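Residue numbers (the numbering used here), protein chains in the order written: chain A, 1 to 586; chain B, 1 to 104. Glycine residues also receive a C-beta, built at the ideal position from the N, C-alpha and C atoms. Owing to the predicted nature of the structure, the values given are computational and were not obtained by experimental measurement.
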């Protein structure tokens with residue numbers, strides 16, 4: 001047996017564990033939504049293909065291997081789909097090699113088969129990935145009517161054509177299943193495992209279980225796809241866990257990624273089952289979701305990019321100044337606080353992806369997924385505890401929040417806002433004071449008990465950049481204003497963002513005032529813009545979304561050089577609420 | 001050794017992908033004897049921390065050989081990065097090439 005680390009290696013013919021004389025060719029890809037893994041199983045009487053995938057090169061490889069197998073012994077080809085999402089079956093529907101393949105049968109779970117036959121673009125996620133395909137007939141509708149727990153025999157005519165017997169009822173199993181029996185007695189057992197999609201199936205051959213996308217069923221951007229069903233998923237996982245608790249299955253071959261042993265599959269399924277419990281009410285992953293999420297992702301990532309550049313750049317700056325002061329130890333520590341090279345690469349990668357989308361080479365769902373991947377990686381690199389020893393907490397808190405917001409949105413939920421009754425005039429007053437207050441005390445350096453404390457105090461001092469040196473604040477809070485309903489932290493972070501933008505745009509003076517009107521309480525930021533304008537389009541979109549997430553409304557008016565940014569919040573009584581009533585992301 | 005400032009014009013995005021090329025260009029300029037350099041950033045639309053590192057490294061090299069460097073024509077995004085990171089304190093930043101030339 002040609003095994004690699006206990007699993008099938010892929011890319012070559014290997015014996016199927018548990019079956020003598022049956023070989024498997026695994027086409028294993030990295031995990032993405034362009035195409036699934038594909039598998040070919042060579043039985044003495046038939047060649048079985050599981051999920052032809054979605055890429056032309058992959059199809060060509062599979063067809064070449066099928067041809068070689070048929071040269072050795074001519075046999076019919078049985079094509080199974082673990083489900084009808086296009087990443088698993090586009091080649092079957094569009095590739096000329098597959099469409100013209102001689103003597104083959106396509107076997108698909110009944111509702112998936114119906115979706116292919118009527119060209120249902122939602123069920124195949126064609127609407128989401130914006131791909132075209134023709135309606136396609138399916139030879140065998142598995143689990144049709146009362147066919148669960150039954151057996152179908154595949155015979156081959158003298159002309160080499162495969163023919164099927166009527167399903168025979170067999171005893172009931174742990175999971176609704178159908179057995180496809182080949183002439184020499186070999187069997188392919190198909191289990192109906194809905195949840196990821198209504199037509200999802202797992203397929204057993206010998207000790208191998210082809211489990212489709214079951215182990216990705218709760219992944220962000222996957223959970224919530226059309227037909228996704230949490231309750232059915234829960235039942236399916238229970239059933240598959242029971243199946244795996246026997247000793248018949250030793251290898252699980254997922255629809256994406258590397259083969260897994262039974263133990264790790266069980267662990268993954270238990271984790272998925274737990275995760276699925278928190279996914280009730282998840283947003284449906286549809287083209288509208290992809291559009292909004294991609295837009296939100298692009299806006300957030302642009303701001304995350306800016307903040308990471310500021311953080312990494314400021315660390316380089318502090319490190320340089322410390323070196324000049326011959327504080328080499330602390331200078332080196334600055335360089336180690338974040339892997340800025342990797343952060344840079346990730347952000348460049350996202351930018352390239354985003355440019356590809358604008359050039360029409362990518363779909364919005366791809367950008368939404370890419371932003372999810374990048375946000376997760378950045379989150380792992382971001383060590384707020386370490387960075388907080390030297391950098392401005394406001395910057396760090398914002399990065400943390402943006403990454404979390406994207407993660408939550410990508411997950412299919414709305415970002416959490418803590419909407420509470422707040423005195424907006426006090427809140428704004430604190431922002432104005434804190435904006436120009438250094439985060440250190442002069443005594444920290446003087447009273448430093450040792451060299452290390454001295455170096456840290458020095459680093460903190462160097463790292464603070466007063467962004468408002470050249471911008472004057474004039475704050476006139478309205479008197480006796482009512483409390484408003486808002487998420488105070490989000491409000492503070494967004495106002496800081498706006499003030500930073502105004503300051504670096506060279507606005508010399510900002511006049512802040514507040515007053516009550518029929519919509520609630522409005523905080524107005526007025527000033528005279530320079531030639532750049534106070535906020536560019538991207539910054540305005542970001543500020544608008546952020547203010548809406550904090551429970552308010554954003555308005556930007558200009559008249560000649562003068563501008564006025566108005567942030568309006570509804571008047572509240574007392575107490576707090578969640579963000580169910582906060583504005584939608586626009 | 002050059003006496004009139006050498007102008008190096010950079011363009012596009014300066015990030016992890018393009019920074020190494022920029023470093024090579026700046027270093028070779030200094031190694032070839034340039035002691036007065038203007039880096040024109042008018043066509044630079046984006047600069048990441050990798051770009052900042054390269055500029056700082058060039059500044060250090062230039063200073064170590066007694067030379068001088070100016071940055072000119074920073075676009076809003078790049079200016080913002082310089083302001084917010086503290087880099088604007090390290091470099092002499094000029095409004096345009098003319099200002100940069102007359103500053104030597």
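Which of helix, strand or coil DSSP assigns to residue i
i, result
"residue 517 (chain A)", "strand"
"residue 104 (chain A)", "strand"
"residue 317 (chain A)", "helix"
"residue 596 (chain A)", "This structure cannot speak to residue 596 (chain A), because chain A is shown only from 1 to 586."
"residue 17 (chain A)", "coil"
"residue 91 (chain B)", "coil"
"residue 269 (chain A)", "helix"
"residue 462 (chain A)", "helix"
"residue 157 (chain A)", "coil"
"residue 142 (chain A)", "strand"
"residue 333 (chain A)", "helix"
"residue 49 (chain A)", "strand"
"residue 297 (chain A)", "helix"
"residue 67 (chain B)", "coil"
"residue 382 (chain A)", "coil"
"residue 575 (chain A)", "Unreliable positioning characterises residue 575 (chain A) in this predicted model, as indicated by a pLDDT of 48, which lies under 50. The coordinate reading is nonetheless provided below. Three-state DSSP puts residue 575 (chain A) in coil, outside helix and strand."
"residue 46 (chain B)", "strand"
Residue(s) in a DSSP beta bridge with residue i
i, result
"residue 9 (chain B)", "B:40"
"residue 511 (chain A)", "A:474 and A:526"
"residue 422 (chain A)", "A:484"
"residue 555 (chain A)", "A:566"
"residue 285 (chain A)", "A:225"
"residue 181 (chain A)", "A:153 and A:187"
Residue i at chain A interface by Cβ criterion, 8 Å
i, result
"residue 1 (chain B)", "Unreliable positioning characterises residue 1 (chain B) in this predicted model, as indicated by a pLDDT of 46, which lies under 50. A coordinate reading is not provided."
"residue 98 (chain B)", "no"
"residue 81 (chain B)", "yes"
"residue 15 (chain B)", "yes"
"residue 92 (chain B)", "no"
"residue 86 (chain B)", "yes"
"residue 20 (chain B)", "no"
"residue 76 (chain B)", "yes"
Residue i classed as buried or exposed, judged by whether at least 16 other C-beta atoms fall within 10 angstroms
i, result
"residue 5 (chain A)", "The predicted position of residue 5 (chain A) is uncertain, since its pLDDT is 47 and thus under 50; a value taken from the coordinates is nonetheless stated next. With fewer than 16 other Cβ atoms within 10 Å, it is exposed."
"residue 64 (chain A)", "exposed"
"residue 165 (chain A)", "exposed"
"residue 96 (chain B)", "exposed"
"residue 322 (chain A)", "buried"
"residue 89 (chain A)", "buried"
"residue 196 (chain A)", "buried"
"residue 18 (chain B)", "buried"
"residue 548 (chain A)", "buried"
"residue 100 (chain A)", "exposed"
"residue 451 (chain A)", "exposed"
"residue 274 (chain A)", "exposed"
"residue 330 (chain A)", "buried"
"residue 227 (chain A)", "buried"
"residue 80 (chain B)", "buried"
"residue 201 (chain A)", "buried"
"residue 426 (chain A)", "exposed"
The ligand MN heavy atom lying under 7 Å from the CB of residue i
i, result
"residue 203 (chain A)", "Ligands in the displayed structure: none, and consequently the ligand MN is not present."
Min CB distance residue i to chain B below 8 Å
i, result
"residue 504 (chain A)", "yes"
"residue 344 (chain A)", "yes"
"residue 190 (chain A)", "no"
"residue 283 (chain A)", "no"
"residue 556 (chain A)", "no"
"residue 247 (chain A)", "no"
"residue 500 (chain A)", "yes"
"residue 436 (chain A)", "no"
"residue 348 (chain A)", "yes"
"residue 465 (chain A)", "yes"
"residue 196 (chain A)", "no"
"residue 457 (chain A)", "no"
"residue 320 (chain A)", "yes"
Against chain B: residues of the stretch 306–318 of chain A by CB proximity under 7 Å: Listed by position along the chain: 309, 310, 312, 313, 314, 316 and 317.
field: Interfacial residues, the stretch 323–341 of chain A to chain B, with Cβ spacing under 8 Å
entry: Of all residues in the stretch 323–341 of chain A, 340 and 341 have a Cβ within less than 8 Å of some Cβ in chain B.
query: Listed in chain order, which residues of the stretch 30–59 of chain B have Cβ atoms closer than 7 Å to some Cβ of chain A?
result: Listed in sequence order: 48, 49, 50, 52, 53 and 56.
task: Below 8 Å between beta carbons is the criterion; list the residues of the stretch 398–419 of chain A that meet it against any residue of chain B, in chain order.
output: For the stretch 398–419 of chain A, the set of positions with a beta-carbon nearer than 8 Å to some beta-carbon of chain B is empty.
query: Relative to chain B, which residues along the stretch 286–305 of chain A have a C-beta separation below 9 Å, given in chain order?
result: Listed by position along the chain: 305.
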